[in-house]
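Take a look at the structure set out below.
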Ligand code: NAD
Ligand code: UDP
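Residue numbers (the UniProt record's numbering): 1 to 316.
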């Protein structure tokens with residue numbers, strides 16, 4: 001049994017990860033300031049004697065009086081409206097927060113994995129994106145607080161690895177969806193599903209021709225676990241995502257069809273610097289971890305729609 005720290009453990013991805021790690025018999029410490037996460041996501045975990053919820057803002061150093069074996073470092077708002085609401089705070093979370101967590105990993109000789117993002121590729125000029133591509137990020141635009149924050153976090157991870165021998169792992173996550181996404185966090189899958197279920201028009205930004213590749217949460221968590229258990233000399237960066245690529249318009253059509261909704265489409269302006277296309281090259285994940293996603297978009301949407309149906313019935 002290991003003691004495992006999950007920062008951002010009360011968020012969408014973090015709550016699934018905590019659940020999985022508890023299921024494997026570990027002691028899990030969930031460190032979160034509930035900025036975008038919620039206790040609702042972890043309410044079934046709280047009674048578990050091997051689960052500890054530690055309210056804390058990672059911008060401040062954290063002192064633990066117990067050893068940790070592994071740290072999954074996920075704390076950071078992930079949805080564009082949420083990370084842009086207070087961009088300086090987002091940067092502090094990525095940069096100072098990562099330094100604080102790396103300090104902890106160094107102190108306890110723990111393995112530490114960074115939840116980085118496909119956003120490090122910016123609006124990519126290479127398609128699909130493989131880990132060797134260095135990206136096309138606008139350093140002064142409205143998305144930069146997130147993109148450059150994560151790029152700097154990656155740099156910190158690699159410098160702690162080279163300079164202090166900290167045992168790091170870096171994964172770059174492509175758009176992931178599933179139950180427990182925040183209903184109002186503004187991401188496309190949760191927006192479309194809740195709009196369709198409420199009979200509101202689906203808000204397609206721009207002409208809807210931009211593409212994304214959507215990975216179901218269970219597949220991603222499996223990738224996290226395999227990466228954490230990979231040999232010490234494999235540190236990444238590693239793409240994790242589903243290479244199935246869809247236009248935003250196609251996603252809207254699918255959601256309308258699968259919910260049986262009578263909603264129509266409303267067009268809204270395309271946000272500045274919105275990447276035109278995104279698809280992961282996951283060759284490396286296949287070679288190094290034997291990992292590939294298994295849940296097709298239609299099946300994942302079905303499960304996510306069922307979650308939001310229950311949530312809306314309960315009143316949000
Ligand atoms: P989320 O917003 O649901 O979860 C983030 C969690 O971090 C929340 O519980 C929030 O309260 C917590 N948090 C934020 N700032 C904090 C701080 N300063 N101190 C302590 N806790 C803090 O988002 P998510 O989708 O679960 O994303 C988790 C991680 O994965 C993020 O780092 C995100 O950048 C990364 N990621 C997610 C996706 C995706 O598609 N879901 C894609 C790429 C990268
Ligand atoms: N999007 C949209 N309507 C919405 C929310 C998002 O058309 O209600 C678009 C957005 O402009 C982007 C894509 O969907 O092109 C994915 O957006 P999301 O915020 O989920 O993640 P991103 O990949 O941009 O970080």
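Idealized CB from N, CA, C, for every residue including glycine.
Asked	Found
Spatially closest choice to residue 218 from 259, 300, 145 and 162, by CA coordinates	300
Element boundaries [beta strand (DSSP E), containing residue 268]	265–268
Residue 51 versus residue 29 - alpha carbon distance	6 angstroms
Nearest-angstrom beta carbon gap, residue 238 and residue 131 [assumed within contact, 8 angstroms]	7 angstroms
Distance cut-off 7 angstroms: residue 76 Cβ against heavy atoms of the ligand NAD	yes
7 angstroms Cβ shell around residue 338 - same chain, five flanking residues per side excluded	Outside the modelled stretch of the chain, which goes from 1 to 316, sits residue 338, for which no answer is possible.
Residue 129 classed as buried or exposed, judged by whether at least 16 other C-beta atoms fall within 10 angstroms	buried
Residue from 160, 111 and 262 with nearest C-alpha to residue 227	111
Sufficient close CB pairs (3 or more, under 8 angstroms) joining the segment 260–270 to the segment 114–121	no
Enclosing alpha helix (DSSP H) for residue 170 [first to last residue]	Counting along the chain, residue 170 falls outside any alpha helix (DSSP H), though it belongs to the beta strand (DSSP E) covering 168–173.
Beta-carbon proximity of residue 245 to residue 209, cut-off 8 angstroms	no
Integer Cβ distance of residue 74 from residue 6, believed to fall under 8 angstroms	7 angstroms
In DSSP terms, what residue 79 is bridged to	BP columns for residue 79 are empty, so no partner.
Which listed residue (170, 262, 296 and 242) has its alpha carbon closest to that of residue 72	170
Coarse secondary structure for residue 134, derived from DSSP in three states	coil
Classification of residue 66 by the beta-carbon crowding that lies within 10 angstroms, buried from 16 upward	exposed
Cα-Cα separation between residue 296 and residue 46, rounded to whole angstroms	31 angstroms
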